[in-house]
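K.L.:
Let me begin by handing over the structure; questions about it come next.
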Amino acid sequence: MGALDIISELCEFCHVHHGRKLVKRNQLQVVEIKVKMDCEGCERRVKKSVEGMKGVTKVEVEPKQSKLTVTGYVEPNKVLERVKHHTGKKAEFWPYVPYDVVPTPYAPEAYDKKAPPGYVRNVLQDPEASTLARSSPFEVKYTTAFSDDNPNACTIM
């Protein structure tokens, strides 16, 4: 009976909160945001808008790339909304990835004239879905094997 008592105490401990509110902690994240900054005043305003947030450990501003990088235990959507609200500027998540990271950098949607050097637009929002949507060379051969346009195609009657 000793083992059953220990297990039941553990189960009770899991369900009873002893009057404390359970707080879900955020993971350490790096949030990159694209915000247009024209002058040093804009840089300062953008930086100060997120420095006071709870959980922020580091803020970096790169005005030449119009990029704000926030590191800390924060939620990305809250950081984005805070930047939009406090600065009054249009802000979006950083849409670019390094050129050598993209599996198909030659996709027409990937090229953006506004992208910084060495970066292309991230056209793969969901990498799992995009690999399923692409057809392999074998699938293309199978679909054209039964085509009416191909005189050497198989015919089933």
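Heads up: the sequence shown begins at -17 in my numbering, then just goes up one per residue.
Ideal placement from N, C-alpha and C gives every residue a C-beta, glycine not left out.
#1: Would you call the region 50 to 69 and the region 15 to 30 touching, i.e. three or more CB-CB distances under 8 angstroms?
#2: Figure out for me which residue from R7, G34, V79, E44 has the closest Cα to the Cα of C24.
#3: Considering only C-alpha positions, which residue in the set A73, K36, Y101, P77 is nearest to Y55?
#4: Report the partner residues of P80 according to the DSSP bridge assignment.
#5: Checking contacts by CB at 8 angstroms: is T51 closer than that to chain C?
#6: Over what stretch of residues does the alpha helix (DSSP H) that includes G54 continue unbroken?
#7: What does the alpha-carbon distance come out to for the pair Q11 and I(-12)?
#8: Within 10 angstroms of its Cβ, does A73 collect 16 or more other Cβ (buried), or is it exposed?
#9: Measuring CB to CB, does R103 end up less than 8 angstroms from P80?
#10: When the distance is taken between beta carbons, is V41 closer than 8 angstroms to K60?
#11: Give the secondary structure of E57 by DSSP, where H, G and I count as helix, E and B as strand, and everything else as coil.
#12: State the DSSP-derived secondary structure class of I16, mapped to helix, strand or coil.
#13: Just tell me which of E63, V13, F75, R27 has its CA closest to the CA of T39.
#14: Which residue comes first and which comes last in the alpha helix (DSSP H) that contains K46?
P.N.:
Inspection of the coordinates gives the following:
#1: Cβ pair count under 8 angstroms is three or more, so yes.
#2: As a first step, residue 24 must be located in the sequence shown, where it is residue number 42. Comparing Cα positions, the closest option is E44.
#3: Indexing the sequence shown from 1 puts residue 55 at position 73. Ranking A73, K36, Y101, P77 by Cα distance to Y55 puts K36 first.
#4: Counting from 1 along the sequence shown, the entry for residue 80 is found at position 98. Beta-bridge pairing by DSSP links P80 to Y101.
#5: Here chain C cannot be found, since the structure has a single protein chain.
#6: Looking up residue 54 in the sequence shown gives position 72. Element bounds for G54: not the alpha helix (DSSP H) but the beta strand (DSSP E), 49 to 54.
#7: For the purposes of this step, residue 11 is identified with residue 29 of the sequence shown, where counting begins at 1. For the purposes of this step, residue -12 is identified with residue 6 of the sequence shown, where counting begins at 1. So the two alpha carbons sit approximately 38 angstroms from each other.
#8: Start at 1 with the first residue of the sequence shown, and residue 73 comes out as number 91. Buried.
#9: Walking along the sequence shown from the start, residue 103 turns up at place 121. Walking along the sequence shown from the start, residue 80 turns up at place 98. The answer is no: Cβ separation not under 8 angstroms.
#10: Position 78 of the sequence shown, counted from the start, is the residue given in the question as residue 60. Position 59 of the sequence shown, counted from the start, is the residue given in the question as residue 41. No, they are not a contact pair.
#11: Position 75 of the sequence shown, counted from the start, is the residue given in the question as residue 57. Here DSSP, grouped into helix, strand and coil, assigns E57 to coil.
#12: Residue numbering aside, residue 16 sits at position 34 when the sequence shown is read from its first letter. In the sequence under discussion, the amino acid at residue 16 is Lys, which differs from the Ile named in the question. Residue state, collapsed to three classes: strand.
#13: Here residue 39 is taken as the residue at index 57 of the sequence shown, counted from 1. Taking only the C-alpha atoms, the option nearest T39 is V13.
#14: Taking the first residue of the sequence shown as position 1, residue 46 is located at position 64. First-last for K46: undefined, no H or E at that position.
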